[in-house]
Amino acid sequence: MIEIAWSNFTPWSALAGGILIGLAAACFLLLNGRIAGISGILGGLLVPGRGDIAWRLAFLVGLIGAPAVWLLAAELPPIEINAGYPALIIAGLLVGIGTRYGSGCTSGHGVCGLSRLSVRSLVATLTFMGAGFVTVYIIRHQLGV
Amino acid sequence: MRYHIASLLAGLIFGLGLIVSGMANPEKVLGFLDIAGLWDPSLAFVMGGAVVVGLGAFALARRRTLSFLGFSMKISTNNHIDKRLVVGGLAFGVGWGVAGFCPGPGLVALGAGEFKALVFVTSMVAGMAAFEVIERRRTKA
Numbered sequence: 000m001i002e003i004a005w006s007n008f009t010p011w012s013a014l015a016g017g018i019l020i021g022l023a024a025a026c027f028l029l030l031n032g033r034i035a036g037i038s039g040i041l042g043g044l045l046v047p048g049r050g051d052i053a054w055r056l057a058f059l060v061g062l063i064g065a066p067a068v069w070l071l072a073a074e075l076p077p078i079e080i081n082a083g084y085p086a087l088i089i090a091g092l093l094v095g096i097g098t099r100y101g102s103g104c105t106s107g108h109g110v111c112g113l114s115r116l117s118v119r120s121l122v123a124t125l126t127f128m129g130a131g132f133v134t135v136y137i138i139r140h141q142l143g144v
Numbered sequence: 000m001r002y003h004i005a006s007l008l009a010g011l012i013f014g015l016g017l018i019v020s021g022m023a024n025p026e027k028v029l030g031f032l033d034i035a036g037l038w039d040p041s042l043a044f045v046m047g048g049a050v051v052v053g054l055g056a057f058a059l060a061r062r063r064t065l066s067f068l069g070f071s072m073k074i075s076t077n078n079h080i081d082k083r084l085v086v087g088g089l090a091f092g093v094g095w096g097v098a099g100f101c102p103g104p105g106l107v108a109l110g111a112g113e114f115k116a117l118v119f120v121t122s123m124v125a126g127m128a129a130f131e132v133i134e135r136r137r138t139k140a
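So the sequence lines, in the order shown, correspond to chains A and B. The first sequence begins at 0 in numbering that gives the first Met the number 0 and counts up one residue at a time. The second sequence begins at 0 in numbering that gives the first Met the number 0 and counts up one residue at a time.
And the structure:
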């Protein structure tokens, strides 16, 4: 049986944040004609073509600068990172290789791919979400970490 | 110039959305991925909200050959489902489950000054670089 963590459940802020993420993807698509896929935007910097660097950097500056802009108006909500350093390194390597090999992450396949009704992106999204569920199950409930 | 300003704004709004939604917090993400524990379904609402807006945007984009700023539309039409897609997705999903970070939230947490996010992002970029090296060897062979 699934037990819901009602005390942590934040449907309204989640929905509001989701709408903002959707608006960002919509802006990028309708103004620049591009997919807001973060792993692709970042990974493309490693082997950039001509005229292909500045817009990627601009997007990433906006993304990384978001907490600073937020701080102008309010305190940041908590960011709790409980993984240890070895886990963070392994996770980073897997996320880096996996998103490039599979051509996308939560934003490119998840948000944008599902929005363009791509079966390919649906398969990718179900795959990484499934792997995420299984991984957390093993770590928390089998290994008991 | 307009292209770069639009990119900057899109990145900024995306980042603010990640902060508002709770996705920038790995513990929140892991609470969503932990179905067998006390499950926090909030992040399903993040995806839902984003996709509802996205559906409208892509429906509009599909009827255009140029963007509203006059740039060519670069939308993938690839619908090929292959081993790379699935193996890559599996690796990404395992990494996501290990730390609770996917690429966007990792970068936002880095921007918030979290040292652990720097470790994650550095490893992620190293992983992306490893991918490029492997790809180059593969295409040469």
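Note that CB positions come from ideal geometry on N, CA and C, so glycine has one too.
Going by DSSP, B/Ala98 is part of the alpha helix (DSSP H) stretching over Lys82 to Ala98. Cβ-Cβ distances below 8 Å link B/Met72 to Ala60, Arg63, Thr64, Leu65 and Ser66 in the same chain, with the five nearest sequence neighbours on each side left out; the list follows chain order. Put simply, the CB of B/Lys73 is near chain A, with a gap under 8 Å to one of its CB atoms.
The alpha-carbon of B/Glu113 is positioned some 18 Å away from that of B/Gly16. Beta-bridge partners assigned by DSSP to A/Ile3: B/Trp38. Note that the C-beta distance between B/His3 and A/Arg119 is not below 8 Å.
Taken in chain order, the complete alpha helix (DSSP H) segments of 4 residues or longer contained in the region 13–59 of chain B are 25–32.
Setting aside the 5 residues that flank it on each side, A/Ile80 is surrounded in the same chain by Leu87, each with a C-beta closer than 8 Å to its C-beta; the list follows chain order. With fewer than 16 other beta carbons inside 10 angstroms of its own, A/Trp5 counts as exposed. Taking each of B/Met123, B/Pro40, B/Pro25 and B/Lys139 in turn and checking the Cα distance to A/Leu45, the smallest one comes out for B/Met123.
If you draw a 10 Å sphere on the C-beta of A/Arg49, you find fewer than 16 other C-beta atoms in it, and that means exposed.
Taking a beta-carbon distance threshold of 8 Å, A/Ala24 counts as an interface residue toward chain B. For a cut-off of 8 Å, the C-beta gap from B/Phe31 to A/Asn31 is around 30 Å, too long to register as a contact.
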